[in-house]
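Trainee: Here the sequence shown is numbered in our numbering, starting from 165 and rising by one per residue. For glycine and all other residues, C-beta sits at the position ideal for the given N, C-alpha and C. Predicted, not measured: the structure shown is a model, and the values here were computed from it. Got a structure here, written out as structure tokens. Questions coming.
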Amino acid sequence: MKRFVVVVGVAALALVALPTGSVGAALPRAQLRNFSCHRAVSPISRQISVWALMRPLLRTRKLQERWVLLSRTSPGTPFTVVPGTNLDTWVSPTDPTLGQRSGDVWKLHKSVSDLAAPAAYRLQATFRWLGAGDRVLGSVQRTTPTCAQPELRPDLQVQSITVQALPKRPNMNRYVVVIINAGATAAGPFDVLFAPGGGLPVTTRSELGLRAHRRLQEAFVGPVCNPSSAPSVTVDPAGAVNDFNRANNQLTAVCPATPGT
165 MKRFVVVVGV
175 AALALVALPT
185 GSVGAALPRA
195 QLRNFSCHRA
205 VSPISRQISV
215 WALMRPLLRT
225 RKLQERWVLL
235 SRTSPGTPFT
245 VVPGTNLDTW
255 VSPTDPTLGQ
265 RSGDVWKLHK
275 SVSDLAAPAA
285 YRLQATFRWL
295 GAGDRVLGSV
305 QRTTPTCAQP
315 ELRPDLQVQS
325 ITVQALPKRP
335 NMNRYVVVII
345 NAGATAAGPF
355 DVLFAPGGGL
365 PVTTRSELGL
375 RAHRRLQEAF
385 VGPVCNPSSA
395 PSVTVDPAGA
405 VNDFNRANNQ
415 LTAVCPATPG
425 T
């Protein structure tokens with residue numbers, strides 16, 4: 165998976181106990197702050213970000229952090245590490261001496277963009293303090309709370325095509341088409357293309373748009389439905405709408421058992 169998003173908060177889990185007496189009473193040695201989750205219709209605009217603050221322990225020679233992005237697509241299932249984020253590696257301050265003084269603070273901003281939906285996410289950081297000879301003095305983990313990221317894009321669908329007879333035109337049928345927007349946001353202007361089959365010219369209608377969870381109806385007249393070359397309808401053939409699922413944008417009519425009925 166390549167995409168995800170989040171909401172504010174902090175949770176903690178100690179991995180290795182920090183040395184007694186090495187931590188100042190007032191200031192935390194590791195914390196996550198200003199965690200944010202940006203939801204958007206376009207996946208590329210969705211982002212999760214957080215600031216990490218790290219202060220040294222007694223005898224610290226090097227500060228290190230390692231990050232992972234966690235996700236799940238179903239409530240109640242375990243969170244798993246999202247691959248391909250280039251996060252899961254130990255990083256240190258650009259100043260190699262940062263952390264060797266008691267008042268040092270390492271501030272690091274982490275963000276991940278282009279998040280998929282629907283899904284839920286967390287950012288998790290592991291903080292590690294190294295002493296002389298790269299001996300581990302302590303390690304602790306901090307995890308953001310869960311963020312449910314809904315899919316916000318519109319989802320245009322050709323829901324049905326009803327074939328109706330035309331009593332005064334026995335060689336023609338009326339095709340009544342129902343189009344819905346099953347997505348969470350409105351769709352802007354789009355076209356509806358009716359292909360009557362049999363190599364005949366297509367007909368295109370322009371729509372002003374369709375609000376979320378609404379439907380519209382169009383009627384087209386074409387030759388009597390032929391199962392070997394049944395008419396089809398395609399909504400938004402030009403891809404003008406940022407549609408969540410284009411697999412349901414086209415539907416082929418089911419011809420009646422008795423032609424023309």
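1) State yes or no: is the C-beta of Asn426 within less than 8 angstroms of the C-beta of His377?
2) Cα separation between Lys226 and Asp319?
3) Verify whether the separation of the beta carbon atoms of Leu380 and Ile343 is less than 8 angstroms.
4) If we call anything under 8 angstroms between Cβ atoms a contact, is Thr224 one with Gln195?
5) Give every residue of the same chain whose Cβ lies closer than 7 angstroms to the Cβ of Ser256, excluding the five residues on either side of it in the sequence, and list them in chain order.
6) Could you have a look at Gly297 and say whether DSSP puts it in helix, strand or coil?
7) Which of helix, strand or coil does DSSP assign to Ala411?
8) Does the pairing of the region 276-293 with the region 207-216 give three or more beta-carbon distances under 8 angstroms?
9) So, at 7 angstroms on beta carbons, what are the nonlocal neighbours of Ser266 in its own chain, with the 5 sequence-adjacent residues on each side left out?
10) When burial is assigned at 16 or more other CB atoms within 10 Å of the CB, is Pro207 buried or exposed?
11) Can you tell me which of the three DSSP states Pro247 falls into?
12) How big is the Cα-Cα spacing for Arg333 and Val388?
13) Skipping 5 residues on each side, what residues in its chain have a beta carbon closer than 6 angstroms to that of Gly403?
Mentor: Reading from the atomic positions:
1) Because the chain in this structure spans residues 165 to 425, residue 426 falls outside the shown range and cannot be described.
2) As a working mapping, residue 226 is identified with position 62 in the sequence shown. As a working mapping, residue 319 is identified with position 155 in the sequence shown. Looking at the two C-alpha atoms, the distance is approximately 51 angstroms.
3) For the purposes of this step, residue 380 is identified with residue 216 of the sequence shown, where counting begins at 1. For the purposes of this step, residue 343 is identified with residue 179 of the sequence shown, where counting begins at 1. Yes, the pair counts as a contact, with Cβ atoms nearer than the cut-off.
4) Sequence index remark: in the sequence shown, residue 224 carries index 60 (1-based). Sequence index remark: in the sequence shown, residue 195 carries index 31 (1-based). For Thr224 and Gln195, no; Cβs fall outside 8 angstroms.
5) The count along the sequence shown starts at 1 and reaches residue 256 at position 92. So the qualifying residues of the chain are Lys226, Leu227 and Gln228.
6) Here residue 297 refers to the residue found at position 133 of the sequence shown. DSSP, read as helix, strand or coil, puts Gly297 in helix.
7) Here residue 411 is taken as the residue at index 247 of the sequence shown, counted from 1. Ala411: helix per DSSP, three-state reduction.
8) The answer is yes - the region 207-216 touches the region 276-293, with three or more Cβ pairs under 8 angstroms.
9) As a working note, residue 266 is residue 102 in the sequence shown. Counting only Cβ-Cβ distances below 7 angstroms, and skipping sequence neighbours, we find Pro220.
10) Looking up residue 207 in the sequence shown gives position 43. Under this definition Pro207 is a buried residue.
11) On the sequence shown, residue 247 is found 83 positions in, with the first residue counted as 1. For Pro247, the three-state secondary structure derived from DSSP is coil.
12) Reading the sequence shown from its first residue, position 169 is the one you call residue 333. Reading the sequence shown from its first residue, position 224 is the one you call residue 388. So the alpha carbons of these two residues sit roughly 10 angstroms apart.
13) Position 239 of the sequence shown, counted from the first residue, corresponds to residue 403. None.
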